[in-house]
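Enquirer:
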Amino acid sequence: MSEFLADLQRHTFLQYALLTGVLASISCGIIGTYVVTRRITYIAGSVAHSVLGGLGAARYCQVVYGWNWLHPFYGAVTAALLAALIIGVVSIKAKQREDTVIGAIWAIGMAIGILFIFRTPGYNEDLMSYLFGNILMVTPEDLWILAALDALVVTVGLLFYNPLLAVCFDEEFARLRGIKVEWYYLMLLCLTALTVVLLTTVVGIVMVIALLTLPAAAAGQWSRKLWHMMVLSAGFTVLFTSAGLAASYGPNLPTGATTIVIAGAFYLLTVIAFRVMERFRHT
Amino acid sequence: MDKSAVVVLNHLSFSYNDLPVLEDVTLTVSEHDFLCVVGPNAGGKTTLLRLILGLLRPSDGTVRVFGEAPVRVRERMGYVPQNTRLDPEFPVRVIDVVLMGRLGRHRRFGPYSKSDRKAAEEAIRQVEMDELRNRPFSQLSGGQRQRVLIARALTTEPDLLLLDEPTASVDAVIETELYELLQQLNQRITIILVTHDLGFVSRYVKRVACVNRRVVVHPTNEVTGEMINSIYGRDVKMVRHDHRYTEEGHKCLNS
C-alpha cells in the first residue's frame, strides 16, 4: 500500500489510472442506478460484449489501412450505440423476442471482434486488455475522450432526471402524461452504452456488468431517493476502483479482476449486514 | 353532440389476438358522473379503462373523450393504476411519486418548479398523507400507496379521473375513507372506477356498468343483491342482458 502511494506521486500512468477510475465512477453511479432500478442489467451486458466488435474493427483498420485517426474508442462507441439501438427498437416493437435479440447481439458482437483481432497482423495482446481491462495503459488522449463521454452522460442523465425517474418507476403513467416513453427508453439505453464503453477501460468487457450494478445495488439498500442512490453508488465505485488499483499494484495482480472482487465482497457484506439489522429490528 | 358527455363509446369492440374481450359496447359518461365498472375477472374491465385512456385501440367502433380521440386529451385524464403493477423496491419517496403528476404539460426536463411542489403538497394534503410525505414508497401499506397514487393523479389537475381497483389491498375503514374522498372529488371531477366489490361501493356511485364482454349500465338505485349474484354467478350466460338498452342506462329486468 505504501509502495502504491509512493509510486503514485512518481508515475504518471498510475495517476492516469486513478483519474480514469474516478471519471468512470461518476457516470457509472448515475447510469448504474437507472440500470438497476429499470432492471436492464442484461441489456447492459449484451451491449458491453458487442463493444468487442467495434474495438476489433477499429484496431484492424488502424493496423491494416493505416487509419490512425480511428481510435479504438470510436469503434467501441459506435458498436455500443448500435447494439443499444437494435435492442431498444426490438424491445419496443416486439416485446416477447427481446431476450433472444439480447443474447444474439451479445455473441455476434464478440464473434465479430474475435474475427477482426485474429486477422489483425502483429501481436495480439489487445484481446486480453479489451476483455479484462487495461487501466494501467490509459494515455492522456484516452483521458480526454473519457472526460468528454463522462460529461455527456452526466449532463443528459441529470437534465432528464425527472422524466427518466417517472419512466423507470411507472412507464404507463409517464406515457399518459404525454412523455415520449420510447424516446426516453432509447436515450437511457444509449447512455448505458456510453457508460459501458467508459467502464470497459477500467475493468474490461467481461466484468462491466458487475461494476455497473454492484455499487448501485449496494447503494439502493440505503437510499430513499433515486439521486441519493446515484451519489452513493458513484462514491462506492470511486472507492472500488481506487482500492482495486492500490491492492493489485504491489502483488502485481490484474487490476480489473481485483476491483470486481472488492466490489462483490462489499456488496455481499452490505446484503448480510442489512439482513442482520432487519432481524434485530423485528425482535 | 351532447356537450356534457365526457366519454362516448360507440359500438366499440376489442379483441386480443382474435379473442374477443369487449363486444359492441355503447356507453356515455356525462359530466360529474360517478360510474362504477364491475364484472368478473378477465371480463374486460381494465381493457375498457385502457381503451378510454387510449393505451389500446378499439378493433371496431369509436372512443371519444371530451369529443376527441383519447390520445389528444390525455392531459385532462388522471389515472390511478393497480399498485401491484409497480416495483415495490423502487427508491422513491411519497413526494417524488406525487410530483410525477406534474410532468408533461408542465415540465419536460430540469428540476420541478415551486408551483409544481405546491400542487404536489396540496394533493398530498387532500389525501391526508402530509405526515408521510418523505416516507419511502416501499415502506407504505397498500392503502397508503393507493392514496399516494390518487394524489399523483390529482396533481395532473384532471377533469376525468379513472381508477383501477383502488381498494384491492385496503381494509374496510380505509376503503370507506377512500370512497368518501372520491365522492367529495366527484363534485368537480367525473369519475370512472373499476372494482369488484360492488356491494360496498353502491352507496357512493351514481351508475354501475356491468362488464363481461358486453356492457350493461344500471342506475345504482336499481342494484340489488340478486343482480350482484347474477353478475358473479357461475353461469354468467344466464344473466338477462339480451334485452335492448339505451346509452343512458336501462331498466334492470331482474329487479
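Protein sequences, first through last, are from chains D and E. Reminder that position 240 of the first sequence reads as 229 in this note's numbering, one-by-one numbering, no gaps. Reminder that position 167 of the second sequence reads as 346 in this note's numbering, one-by-one numbering, no gaps. Where is the CB? At the ideal position from N, CA and C, for every residue including glycine.
For E/D338, which residues in chain D fall below 9 Å Cβ to Cβ?
Expert: Ordered by position in chain D, no residue passes the 9 Å Cβ test against E/D338, which lies about 14 Å from the chain.
Enquirer: Relative to the alpha-carbon of E/M279, which residue among D/L74, D/Y150, D/A137, D/T109 has its alpha-carbon at the smallest distance?
Expert: Ranking the options by Cα distance to E/M279, first place goes to D/Y150.
Enquirer: Below 8 Å, can you find three or more Cβ-Cβ pairs linking the region 311 to 325 of chain E to the region 267 to 276 of chain E?
Expert: Flag = yes, the region 311 to 325 of chain E and the region 267 to 276 of chain E touch.
Enquirer: So, do the region 233 to 251 of chain E and the region 186 to 201 of chain E have three or more beta carbon pairs nearer to each other than 8 Å?
Expert: Because the criterion of three Cβ pairs below 8 Å is met, the region 233 to 251 of chain E and the region 186 to 201 of chain E touch.
Enquirer: I'd like to know if D/L7 contacts chain E, where contact means its C-beta is closer than 8 Å to some C-beta of that chain.
Expert: Not an interface residue.
Enquirer: Locate the alpha helix (DSSP H) running through D/F158, then write down its first and last residues.
Expert: Element bounds for D/F158: 150 to 158.
Enquirer: Counting only the same chain and skipping the five closest in sequence on each side, list residues whose C-beta sits under 7 Å from that of D/T244.
Expert: If we look at D/T244 and ignore the five residues flanking it on each side, its Cβ neighbours are G122, I124, L125, G233, L234, S237.
Enquirer: Does E/E254 get closer than 8 Å to chain D when you measure Cβ to Cβ?
Expert: Answer yes: the Cβ-Cβ gap between E/E254 and chain D drops below 8 Å somewhere.
Enquirer: Out of curiosity, what's the CA-to-CA distance linking E/C134 and E/E307?
Expert: Because chain E is modelled from 180 through 434, residue 134 of chain E falls outside the range shown and cannot be assessed.
Enquirer: Please compile the residues from chain E whose C-beta is within a distance smaller than 8 Å of the C-beta of D/T26.
Expert: Those within 8 Å of D/T26 in chain E are D266, F269, P270.
Enquirer: Straight-line CA distance for D/F225 to E/V395?
Expert: Roughly 59 Å separates the two Cα atoms.
Enquirer: Strictly by DSSP, which residues pair up with E/L206?
Expert: E/L206 is bridged to E/L188.
Enquirer: Can you name the residues that DSSP bridges to E/R324?
Expert: BP columns for E/R324 are empty, so no partner.
Enquirer: Expressed to the nearest angstrom, what Euclidean distance is found between the alpha-carbon atoms of D/V40 and D/V197?
Expert: The straight-line gap from Cα to Cα measures roughly 11 Å.
Enquirer: With 16 as the cutoff for other CB atoms within 10 Å, does E/R272 come out buried or exposed?
Expert: Looking at its Cβ environment, which holds 16 or more other Cβ atoms inside 10 Å, E/R272 is buried.
Enquirer: Beta-carbon within less than 8 Å of E/S194's beta-carbon, same chain only, minus the 5 sequence neighbours each way: which residues are those?
Expert: The answer, listed in chain order, is V200, S238.
Enquirer: If you draw a straight line from the alpha carbon of D/L148 to that of D/L180, how long is it in whole angstroms?
Expert: Near 13 Å, if we compare the C-alpha coordinates of D/L180 and D/L148.
Enquirer: Which value, in whole angstroms, describes the spacing of the CA atoms of D/W95 and E/P398?
Expert: Taking the straight line joining both Cα atoms gives about 58 Å.
Enquirer: Tell me, which residues are paired with E/T194 by DSSP?
Expert: Looking at the sequence itself, residue 194 of chain E is Ser, so the reference to Thr does not match. Answer is E/P199, bridged to E/S194.
Enquirer: Taking Cβ-Cβ distances below 9 Å as the criterion, which residues of the region 321 to 346 of chain E are in contact with chain D?
Expert: Against chain D - using a Cβ distance shorter than 9 Å - the residues of the region 321 to 346 of chain E are L328, R331, A332, T335.
Enquirer: Kindly indicate if chain D contains any beta-carbon less than 8 Å away from that of E/P237.
Expert: No, no contact with chain D.
Enquirer: When Cβ atoms are compared, which residues of the region 150 to 171 of chain D fall closer than 9 Å to chain E?
Expert: Under the 9 Å Cβ criterion, the region 150 to 171 of chain D contributes Y150, N151, P152, L154, A155, C157, F158, D159, E161, F162, A163, R164, L165, R166, G167, I168.
Enquirer: Mind checking if E/Y258 is an interface residue toward chain D, Cβ cutoff 8 Å exclusive?
Expert: Yes - at least one Cβ of chain D is within 8 Å of the one on E/Y258.
Enquirer: Which residues bound the beta strand (DSSP E) around E/Y258?
Expert: Counting along the chain, the beta strand (DSSP E) containing E/Y258 begins and ends at 256 to 259.
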